[in-house]
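Right, one structure below, let's go through it.
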Amino acid sequence: MGQVTFVERENPESHYPESRVLIIMTGGTICMQPSADGLVPMTGFLENAMAHRPSFNDCSDSPVKIPEVKIPAYKNGTKLLLDSLRTPPSVYSRHVRYGILEFEPLLDSSSISSMGWTEIALTIKENYKLFDGFVVLHGTDSLAYTASALSFMMSDLGKPVILTGSQASIFALQSDAVDNLLGSLIIAGTFRIPEVCLFFHHTLFRGNRTTKVSASSFEAFDSPNCDPLAKVTSLGVDVNWALIRRPTEIAEFQVTKYLDTAHVACLRIFPGIKPEMVDSVLRVPNLRGLILETFGMGNAPGGVDGSLTKVIKEAVDRGTIVVNVSQCTNGFVSPLYAPGTALGRAGVVFGHDLTTEAALTKLSYLLALPGLEYSEITKRMAHSMRGEMTEMTLPAFTHPAGSIDSAMARLTSAESAFTALGYAIRNGDVRTVNEILEGDEFNYQLLKRADYAGNTAVHLAAVGPRPEIMRDILVRGASVHARNLANNTPLYLAEKMGNDECVRLLKEAGAHLWEAESSAKTSEAGEGGFVEVENEECEAPAVGPEDTGASGSEKAGLAASEV
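Numbers in the working numbering are just positions in the sequence shown, counted from 1, shifted up by 187.
Encoded structure:
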């Protein structure tokens, strides 16, 4: 008999795109293991908890499940090469390569303070151009506080920041840790959701809308006054794009380094509370703000002859900011009843449907901003800044006005509408672009679409003749971080075309190059064709044990079309 020869075929999965996610480990139950003194946090989470699990490691780097591919990251200004692993391809045909930065020491979440929030925010800031998304592992006790704090500390965010943890250790036989961590990784590496989120029990919440509702259940968090941003099902991730916040101005990602939690207090009203008790809290030395948790829709006992209301008014007159939030899980505060109206007349700020966590961190954030006057702080407390509260609106009694062109666009398929948008951008037809993008949810869906080559509207505008179209697209919420099938960003295309005004707008909006594009610029500059921009920070490739050139992510590239 003849010998059968097996032909080794190339693995098709090697061509799947690969995104990069940084995991920031702060501590918490998820990384704890039993000891003689009870559960204690364990270091080396990547190798000990993830490398041997097939859902977190496709073994593409090493058949013995030992991390070998290194990816660059920064920690306190020092450049490091992190061990990394890669997930198997998701239902969206995408790998996620990730590394872990661990806090030293790892914390119990009940011990975290504003200094810990600052460390997390600054870690994201210094690694912002190296990764597509960020996952923060954190204990559940103060998880909602940290999510709210980070949402205010980070402005003009263009990439997902997802906080998660677990009710049981990842080393426990029955645990929610694997689902929470894997779901966070896939969402952070696949979807451009530019928000600080909290992921728990297959659900993605807006971080500053969450509160912990159970000490032991796997459904530990809820967002009572805001629908989830996404749900993980057997079919994939169902994103509620209508709720996702998007940029409304052209600005680069920034971090506020300090929250003034030292001069803010929280007080829960109860039946029979004495005015002297409230007064003693309001007279704490250097107190600048108080979160007042009241009954129902914002009611508090006025006290005999209004003595409690008088105590609060005196504090307001001294310059203390008092914010009224409800003790109820659902609903909002409103001066519907006389006790609530009395608080409003005393100068108390109505926090609408702010959670206590969001109210406290928001006020701490505003108090930390230099030069912000009392009136401006109270004004901002009553309005949404990061989607943390529902703005009260007047009822509409007529159908919204709309042009015939915009109405026709809604009756047209998304593919046809995007094609028409592309031609309008190419021709520099500002009026037609505006008409096609008229509306809210419809225009945002168009700005997420891409053509057959993976080019989004921002890519097309980057090589188009009218920079004002680029400006209009950006303020409507389009992402500057998308890459087409050639793995090129809009910034790269604009620089190569010499479209200086679009380059300026993109950089103002936080756009940056990545390693392969920077190398291409250097190469073409040597040939006299493409001038390199000095000091351009960019994403760096992974470096394997025998690979000092392009990484797998560089070879495969990231598709610009978003799922």
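Using N, Cα and C, we set each Cβ at its ideal position, and we do this for glycine too.
Keep in mind that this is a model prediction, so the values were computed, not measured.
| task | Could you please give me the residues that DSSP links to Q220 through a beta bridge? | result | Against the sequence shown, residue 220 aligns to sequence position 33. Note: Q220 sits in a beta bridge opposite V227.
| message | Using CA atoms only, rank isn't needed, just tell me which of D414, V662, H646, A681 is closest to N671. | response | To locate residue 671, count along the sequence shown from 1; it is residue 484. Closest by alpha carbon: H646.
| query | Got a sec, what are the start and stop residues for the alpha helix (DSSP H) V471 sits in? | reply | Translated into positions along the sequence shown, residue 471 becomes position 284. Per DSSP, V471 belongs to no alpha helix (DSSP H) and is neither H nor E.
| said: Rounded to whole angstroms, what is the Cα-Cα separation between A747 and T274? | reply: As a working note, residue 747 is residue 560 in the sequence shown. As a working note, residue 274 is residue 87 in the sequence shown. Residue placement at A747 cannot be trusted, given a pLDDT of 32 that sits under 50; what the coordinates show is reported in the next sentence. Cα-Cα distance, rounded: 20 Å.
| request: Compare the Cα-Cα distances from K635 to each of A698, T327, A665 and report the closest residue. | output: Taking the first residue of the sequence shown as position 1, residue 635 is located at position 448. The shortest Cα separation from K635 among A698, T327, A665 belongs to A665.
| message | Starting from C453, trace the alpha helix (DSSP H) in both directions and tell me its first and last residue. | response | Here residue 453 corresponds to residue number 266 of the sequence shown, with the count starting at 1. Where C453 is concerned, there is no enclosing alpha helix (DSSP H), although the beta strand (DSSP E) it sits in stretches over 451-455.
| task | Evaluate contact between the region 238-249 and the region 214-224, counting only Cβ atoms and requiring at least three cross-stretch pairs below 8 Å. | result | no
| request: Mind reading off the beta-carbon distance from A669 to R379? Whole number of angstroms is fine, and I expect it under 8 Å. | output: To locate residue 669, count along the sequence shown from 1; it is residue 482. To locate residue 379, count along the sequence shown from 1; it is residue 192. 7 Å between Cβ atoms; contact.
| field | Close-in-space but distant-in-sequence residues of the same chain around N675 (CB under 8 Å, 5 per side omitted) | value | Taking the sequence shown and counting its residues from 1, one reaches residue 675 at position 488. Closer than 8 Å at Cβ, skipping near neighbours: H646, E704.
| message | Just verifying my parser: in three-state terms, what is the DSSP assignment at K312? | response | What you label residue 312 is simply residue 125 of the sequence shown in a count that begins at 1. K312: helix per DSSP, three-state reduction.
| query | Whole alpha helix (DSSP H) runs in the region 302-373 with 4 or more residues, listed along the chain? | reply | 330-340
| Among the residues of its own chain, which have a CB less than 7 Å from the CB of Y679, if the five just before and after it don't count? | Your numbering for residue 679 matches position 492 in the sequence shown. So the qualifying residues of the chain are L700, E704.
| said: Between F358, R573, L430, P347, which has its C-alpha nearest Y631's C-alpha? | reply: What you label residue 631 is simply residue 444 of the sequence shown in a count that begins at 1. Looking at the Cα atoms, L430 is the closest of the given residues.
| Hey, A649 and N686 are a contact pair by Cβ (cut 8 Å); roughly how many whole angstroms apart? | Numbered from 1 along the sequence shown, position 462 holds the residue referred to as residue 649. Numbered from 1 along the sequence shown, position 499 holds the residue referred to as residue 686. Yes, A649 and N686 are in contact; Cβ-Cβ is about 6 Å, under 8 Å.
| query | Are E289 and T333 close, meaning C-beta to C-beta below 9 Å? | reply | Your numbering for residue 289 matches position 102 in the sequence shown. Your numbering for residue 333 matches position 146 in the sequence shown. Cβ atoms of E289 and T333: not closer than 9 Å.
| request: With DSSP collapsed to three states, give me the class of L493. | output: Here residue 493 refers to the residue found at position 306 of the sequence shown. Looking at the sequence provided, one finds Gly at residue 493 rather than Leu. Reduced to three states, the DSSP call for G493 is helix.
| query | Per DSSP, which one or two residues make a beta bridge with H282? | reply | Indexing the sequence shown from 1 puts residue 282 at position 95. DSSP output for H282 lists E205 as bridge partner(s).
| field | Chain-order list of residues whose beta-carbon lies under 7 Å from that of D366 (same chain, five-residue window excluded) | value | The count along the sequence shown starts at 1 and reaches residue 366 at position 179. H389, listed in sequence order.
| task | Kindly indicate which three-state DSSP category K566 falls into: helix, strand or coil? | result | Reading the sequence shown from its first residue, position 379 is the one you call residue 566. In the structure shown, K566 sits in a helix (DSSP, three-state: H, G or I).
| request: Return helix, strand or coil for A703, following the three-state DSSP convention. | output: The count along the sequence shown starts at 1 and reaches residue 703 at position 516. Residue state, collapsed to three classes: helix.
| Taking C-beta to C-beta, are M149 and T443 nearer than 9 Å? | Here the chain comprises residues numbered 188 to 750, so residue 149 is not present and cannot be evaluated.
| query | So what does A481 bridge to, in DSSP terms? | reply | Your numbering for residue 481 matches position 294 in the sequence shown. What sits at residue 481 in the sequence shown is Thr, not Ala. DSSP lists S513 as partners of T481.
| query | Between the region 654-662 and the region 449-456, do three or more beta carbon pairs fall short of 8 Å? | reply | no
| Sorted by chain position, which residues of the same chain lie with C-beta nearer than 6 Å to E688's C-beta, five sequence neighbours on each side aside? | Here the question's residue 688 lines up with position 501 in the sequence shown. Once the five neighbours on either side are set aside, the close Cβ partners of E688 are P654.
| request: Leaving out five residues on either side along the sequence, give the residues of the same chain with a beta carbon under 7 Å from the beta carbon of N486. | output: Residue numbering aside, residue 486 sits at position 299 when the sequence shown is read from its first letter. Contacts found: Y524, P526, G527.
| Smallest Cα separation from V617: which of E544, S401, G651? | Along the sequence shown, one-based indexing puts residue 617 at 430. The option with the nearest alpha carbon to V617 is G651.
| field | Integer-rounded CB distance, given that A502 should sit under 8 Å from V510 | value | The count along the sequence shown starts at 1 and reaches residue 510 at position 323. The count along the sequence shown starts at 1 and reaches residue 502 at position 315. About 12 Å separates the two Cβ atoms, so there is no contact after all.
| field | Secondary structure of E733, DSSP reduced to three states | value | What you label residue 733 is simply residue 546 of the sequence shown in a count that begins at 1. Reliability of the predicted coordinates at E733 is poor, the pLDDT of 40 falling under 50, and no value is obtained from them.
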